[in-house]
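Here the structure comes first, spelled out in structure tokens, and everything after it is commentary.
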Amino acid sequence: MAGMSKTGLIFLIAIIPLGVMLPGRAIEDIQTPNLDQPGQGTVISGDTITLRWFFIDETQIYWHIQLSYDSSFSMVFYQKDDISHLLNYHEYSGLPQDGITIYWRVRALSMNVFPEIYGDWSTAWSFISALPEGTPSPHPADTNADWRLIMDEVIPYIGGWQQGTNPMAYAIRGASLWQNGEYYAFNSDLSCPLCWVLDSKNGMELKSEPDAALHNVTRSIRDNSVSLMVMPTSGATVWGVEEYVPSELTATGITGSNGAWDTVNRKVSWWGTGDVPVVLGYQVEGADGSYLMQGAANVDGATVDITGDSAVQLGSVSQEGELVSEGEGETVVEDEGELVSEGEGETVVEDEGELPASAEEETLVEGEASLTDEDAAESAGCCSPQRGKDLIREQLGNWLLFALACLVLVRMGRVG
0 MAGMSKTGLI FLIAIIPLGV MLPGRAIEDI QTPNLDQPGQ GTVISGDTIT LRWFFIDETQ
60 IYWHIQLSYD SSFSMVFYQK DDISHLLNYH EYSGLPQDGI TIYWRVRALS MNVFPEIYGD
120 WSTAWSFISA LPEGTPSPHP ADTNADWRLI MDEVIPYIGG WQQGTNPMAY AIRGASLWQN
180 GEYYAFNSDL SCPLCWVLDS KNGMELKSEP DAALHNVTRS IRDNSVSLMV MPTSGATVWG
240 VEEYVPSELT ATGITGSNGA WDTVNRKVSW WGTGDVPVVL GYQVEGADGS YLMQGAANVD
300 GATVDITGDS AVQLGSVSQE GELVSEGEGE TVVEDEGELV SEGEGETVVE DEGELPASAE
360 EETLVEGEAS LTDEDAAESA GCCSPQRGKD LIREQLGNWL LFALACLVLV RMGRVG
């Protein structure tokens, strides 16, 4: 650094801290992620669990996850704060398998920014680390653990899903068992919630499980309206659907069987019975932009992926990617032209046109009908007689001025 002035050295030192922030984009408000799986009260068999959450619209972040023995997170026994933004899950091994309840939560923190900026923690969910495999445990909706699910147990548990964090799969499985005979047993060969199976009582014939692979749920999006076509396969008993709405949007106009909006967990949910196809719907309101809709479906306890559209676009997007309003003052893009006023409050783009200052100054071009004779002659490369005389006078004047300038220079040379 020899030869560097004190001023230059001070300037270099001053910009070094800024260089820490240059690789990333400054983040003022980081979105809060929504948790996905496992949900509240899920029973986990074995000593390993995969925790999943939904992505947010941000890339310059790390994920920070915590596991605790209490809901206030004063007994955190595991955490990791450098999970890549490319992942939306984390696997943890070492569960105690003693029937204890474990709480978990996730938040985002800024990448390449110092000091770090932390987003808010997600809503905390919990799961149960099950006893060693093969140990029967009742369905969490079975409040008296009598291995029988009745309406007074199932309906409140469904409410805890629609307006809380009870997992949808457990709620729908419980409702399916209730609808098909109430009595159930534990099958250690199956993963929960499918581990709870119908149990024959009083000679009741058990209903066979439908093929989960044949269920179909499709999402369609038009402007700000979202619709979902639910098509359970023949023999299905109970279905459920949930959609998570981005924090910038609000869900309105919910239609369909038992539709509900959970403002805390930002979740729209529905459930119903039978195998008849149904259509569900809702609308979203918020600032212009592109938003990703995420959700899941379940039939009789089996998870069903939602196919179809996933992006909601509020406001229109021009070819340059900028948002433009619709309706009055509408802008339509055609080819490479510039904007030309047309109609009241409407703008249409035409080939190579220019935007006139006002309607009075607008010039209509129809073939060559509006050209004068002299203009037509000039456009053809010809000149009118009067124009020829003017050009001759112009050239003679230029030569006279040139000659006069030469005489002045000669006289100045002689005097010198």
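Heads up: the sequence shown begins at 0 in numbering that gives the first Met the number 0, then just goes up one per residue. C-beta: ideal position from N, C-alpha, C; glycine also.
Query: Would Val298 and Trp260 be called neighbours here (beta carbons separated by less than 8 angstroms)?; Result: no
Query: When you compare each of Gln162, Gly38 and Arg172 to Cys194 by their alpha carbons, which one comes out closest?; Result: Arg172
Query: Pick from Tyr68, Val75, Val267 and Trp52: whose alpha carbon is nearest that of Trp62?; Result: Trp52
Query: What first and last residue would you give for the beta strand (DSSP E) that runs through Glu241?; Result: Val237 to Tyr243
Query: Does the contact criterion of 3 or more C-beta pairs under 8 angstroms hold for the region 105-114 versus the region 151-163?; Result: no
Query: Of the residues Leu66, Ala310 and Gly118, which one's Cα is nearest the Cα of Asp222?; Result: Ala310
Query: Can you check the region 62-126 for any beta strand (DSSP E) of at least 3 residues that lies completely inside it and give the ranges in chain order?; Result: 75-83, 88-92 and 100-109
Query: On the criterion of 16 or more Cβ atoms from any shown chain inside 10 Å, does Thr41 qualify as buried, or is it exposed?; Result: buried
Query: Touch check for the region 183-194 and the region 135-142: three-plus C-beta pairs under 8 angstroms?; Result: yes
Query: Give the straight-line distance between the Cα atoms of Gln36 and Pro131, rounded to the nearest whole angstrom.; Result: 21 angstroms
Query: Please identify the residue among Gly280, Ser315, Val263 and Gly307 whose C-alpha is closest to the C-alpha of Asp287.; Result: Ser315
Query: Under a three-way DSSP split, which group does Ser128 fall into?; Result: strand
Query: By a C-beta neighbour count over all protein chains shown, 10 Å radius and 16 as the cutoff for buried, is Lys266 buried or exposed?; Result: buried
Query: Between Ala144 and the rest of its own chain, which residues show a CB-CB distance below 8 angstroms, the 5 nearest in sequence each way excluded?; Result: Pro137
Query: Roughly how many angstroms separate the alpha carbons of Leu227 and Pro32, rounded to a whole number?; Result: 23 angstroms
Query: Using the C-alpha atoms, what's the distance from Ile60 back to Ile15?; Result: Low per-residue confidence applies at Ile15: pLDDT is 40, beneath 50, and the placement is therefore not dependable, though the value from the model is reported in the following sentence. Looking at the two C-alpha atoms, the distance is approximately 22 angstroms.
Query: Throw me the rounded Cβ distance for the Tyr91 and Ile48 pair, which I believe falls under 8 angstroms.; Result: 5 angstroms
Query: Are the beta-carbon atoms belonging to Gly285 and Val277 less than 8 angstroms from one another?; Result: no
Query: Using three-state DSSP, classify Ile154 as helix, strand or coil.; Result: helix
Query: Need the endpoints of the alpha helix (DSSP H) that Gly173 sits in, please.; Result: Met167 to Gln178
Query: Whole angstroms is fine: what's the gap from Arg104's alpha carbon to Phe54's?; Result: 14 angstroms
Query: Mind listing, in chain order, the continuous beta strand (DSSP E) runs of no fewer than 3 residues lying wholly within the region 272-326?; Result: 277-284, 288-291, 293-298, 301-303, 305-307 and 310-313
Query: Please report the Cβ distance between Trp146 and Ala184, rounded to the nearest whole angstrom; I am assuming they are in contact, meaning their Cβ atoms lie under 8 angstroms.; Result: 7 angstroms
Query: Give the C-beta separation of Tyr281 and Pro245 to the nearest angstrom, bearing in mind that I take them to be a contact with Cβ-Cβ under 8 angstroms.; Result: No, Tyr281 and Pro245 are not in contact; Cβ-Cβ is about 13 angstroms, not under 8 angstroms.
Query: Please return the same chain residues whose Cβ sits closer than 6 angstroms to the Cβ of His89, not counting the five positions on each side in sequence.; Result: Leu50, Ile64 and Ile82
Query: How far does the beta strand (DSSP E) with Ala184 in it reach, from first residue to last?; Result: Tyr183 to Phe185
Query: For Gly98, which residues in the same chain have their Cβ closer than 6 angstroms to its Cβ, ignoring the five residues on either side in sequence?; Result: Leu130
Query: Taking 6 angstroms as the limit between beta carbons, can you name the residues of its chain near Leu403, skipping five residues before and five after?; Result: none
Query: DSSP three-state call for Gln39: helix, strand or coil?; Result: coil
Query: Quick check on the burial criterion: 16 or more other C-beta atoms within 10 angstroms. Buried or exposed for Phe126?; Result: buried
Query: Note the first and the last residue of the continuous beta strand (DSSP E) segment covering Leu197.; Result: Trp195 to Leu197
Query: Rounded to a whole number of angstroms, what is the C-alpha to C-alpha distance between Ile29 and Asp56?; Result: 9 angstroms
Query: Please tell me whether Gly307 and Asp274 are closer than 8 angstroms, where the distance is taken between their beta carbons.; Result: no
Query: Output needed for Thr142: all residues of its chain with C-beta closer than 8 angstroms, excluding positions within five of it in sequence on either side, in chain order.; Result: Glu152
Query: Does DSSP classify Leu189 as helix, strand or coil?; Result: coil
Query: What do you reckon, are the CB atoms on Leu279 and Gly252 nearer than 8 angstroms?; Result: no
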